[in-house]
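Undergrad:
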Amino acid sequence: ALNLAEIERGEVIIGRAEDHGMHHFIKDKSNDPGPTRYTIAIRRASGTTHTQDNAFVAEICRTMEIGIICINGRIWRHEARRYALETVLELCRRWMEKDMDALIDGAIDALLVPFAGCNVYVGQLQPGGQA
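Going by our numbering, the letters in the sequence shown line up with residues 3 to 133, in that order.
(1) With DSSP run on the structure shown, which of helix, strand or coil describes F27?
(2) Please report the distance separating the alpha-carbon of C2 from that of I106.
(3) At the level of alpha carbons, what is the spacing between R96 and Y123?
(4) Have a look at I15, G131, A43 and flag the residue whose alpha-carbon is nearest the alpha-carbon of T53.
(5) Please look up how many angstroms separate the CB atoms of G108 and T89, rounded, as I've assumed it's under 8 Å.
(6) Specify the secondary structure class of A60 as computed by DSSP and reduced to three states.
(7) Give a yes or no on whether the C-beta atoms belonging to I71 and I42 are separated by under 9 Å.
(8) Per DSSP, Y40 is paired with what?
(9) Which of the three DSSP states, helix, strand or coil, is assigned to V14?
(10) From M102, P116, Q126, A60, pick the residue whose C-alpha is nearest to that of I77; which is it?
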């Protein structure tokens, strides 16, 4: 366990990294627990101080946060693709209730989730080369 005296004497370096969210589809924002915090504590030998240590630990924490963002992005992309596929499958299962415009619009809306910021188009080719 760390004690305040060790911290005040500079024998312990403390750094923090935060995970600001998994980017998953939170249905109820009031249940969002907020960021997860990771603490790095390094206890040095008594009387040992190196001025660069604090800056080094801060850099490690920034690097960890970048890694957390990348991992969360990978998880979000996987979930977004799964959501889009499930949505399109459900639209196609209900083909008797839908017209062509509703199917295409629904598919485009579903694809805009994993392809946020992209333009999604659906083309229709008819016999004889007419589009």
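All C-beta atoms, glycine included, are put in the ideal place defined by N, C-alpha and C.
Quick caveat, the model's predicted, so the values are computed rather than measured.
TA: Result, derived from the coordinates:
(1) Mapped onto the sequence shown, residue 27 falls at position 25. Any answer about F27 is weak, because its pLDDT of 46 lies below 50 and its placement is not dependable; what the coordinates show is given next. When DSSP states are grouped into helix, strand and coil, F27 belongs to the coil group.
(2) The first residue shown for the chain is 3 and the last is 133, placing residue 2 beyond what the model contains.
(3) Within the sequence shown, the letter at position 94 stands for residue 96. Within the sequence shown, the letter at position 121 stands for residue 123. A straight-line Cα-Cα distance of about 22 Å links R96 and Y123.
(4) Taking the first residue of the sequence shown as 1, we reach residue 53 at position 51. Considering only alpha carbons, the answer is I15.
(5) Sequence index remark: in the sequence shown, residue 108 carries index 106 (1-based). Sequence index remark: in the sequence shown, residue 89 carries index 87 (1-based). Taking C-beta atoms under 8 Å as the contact rule, G108 and T89 qualify, at a distance of about 7 Å.
(6) Sequence index remark: in the sequence shown, residue 60 carries index 58 (1-based). A60 falls in the helix class under three-state DSSP.
(7) Counted from its first residue, the sequence shown places residue 71 at position 69. Counted from its first residue, the sequence shown places residue 42 at position 40. Against a cut-off of 9 Å, the Cβ pair of I42 and I71 comes out as no contact.
(8) Within the sequence shown, numbered from 1, the residue matching residue 40 stands at position 38. Note: Y40 sits in a beta bridge opposite A19.
(9) The residue given as residue 14 occupies position 12 in the sequence shown. Assigned with DSSP and collapsed to three states, V14 falls in strand.
(10) Position 75 of the sequence shown, counting from 1, holds the residue named residue 77. Per the Cα distances, P116.
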